[in-house]
Amino acid sequence: MLAKPVISVLGRDPAKRRFNINCNSFQQDAIVSFRGWQYCCFYIFLQSASSDAVSEPLYVHLARRRLPQGDWEVMVLEDYPQTTDDGHNTVQMGICSGNGTIHLAYDHHCHVLRYRYSIRGLATDPRSFERTPALFSPTLDYLPGIPATHKHFKDVTYPRFGFLGADMFCSFRNGRAGLGND
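In my numbering, the protein residues as written are 713 to 894.
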């Protein structure tokens, strides 16, 4: 018999938006388990701003907990305000097993790439770091190693992270609906 599920509410969607921005069917890997830890990425307003779930803008939050039922630790990336009421603009996460980096892509619906990554080892040795936003790069409009001027970084939608052994890659739709390529 299966154990009774445990439900954790890490934040509420804002009440004033028409579109759900967390937990959409096309959103891949918003919750990832890796080496005995569970990670979750989502948007909510700043907790200090209001408790009524109507505050704008929203910010990327990255939570983690020790499995099976540790307490959630939540970190806010306050340097990028998300303001567009569009359900496509979800947060995606990938964890590279080869170097322990955590990768996030967010706020895309035919927009310039918005991407950031953590320092090496953050996911492979999480207790060795005090969790602060300084562990992550700023929001980038390119992928490291590829020039920001590359034509494929301007109309990004549906980013996702995939794996090739210990390596990781990022893919996304490039171009507008009906005219885009993966």
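Idealized CB from N, CA, C, for every residue including glycine.
### Task
Name the residue from Pro850, Val868 and Met880 whose alpha carbon lies nearest to the alpha carbon of Gln886.
Just to set this straight, residue 886 is Asn in the shown sequence, not Gln. Cα-wise, what sits closest to Asn886 is Val868.
### Message
Give the list of continuous alpha helix (DSSP H) stretches no shorter than 4 residues that lie fully inside the segment 852-888.
### Response
none
### Task
Using beta-carbon positions only, say whether Cys735 and Trp784 come within less than 9 Å of one another.
no
### Message
On the DSSP bridge list, what partners appear for Ile807?
### Response
Ile814
### Task
Return the bridge partner residues of Phe848 from the DSSP annotation.
Ser830
### Query
Thinking just about the alpha-carbon of each residue, which of Met880, Ser720 and Ala878 is nearest to the one in Arg777?
Ser720
### Query
Quick one: what's Leu774 bridged to in DSSP?
Cys753 and Met787
### Task
Could you name the residues that DSSP lists as bridge partners for Phe746?
Trp749
### Query
Is the Cβ-Cβ distance between Arg730 and Asp791 less than 9 Å?
no
### Task
List the DSSP bridge partners of His821.
According to DSSP, His821 bridges with nothing at all.
### Query
Whose C-alpha, out of Asp741, Ile733 and Phe757, is nearest the C-alpha of Gln750?
Asp741
### Query
Taking Cβ to Cβ, would you say Tyr872 is nearer than 9 Å to Gln804?
Going by the sequence as given, residue 872 is Arg instead of Tyr. Contact: yes.
#### Entry: Ile743 to Ser840 span [Cα, whole Å]
22 Å
### Query
Should Thr813 be labelled buried (16 or more other beta-carbon atoms within 10 Å of its own) or exposed?
buried
### Query
Taking the alpha-carbon positions, what's the Val824 to Thr795 distance?
15 Å
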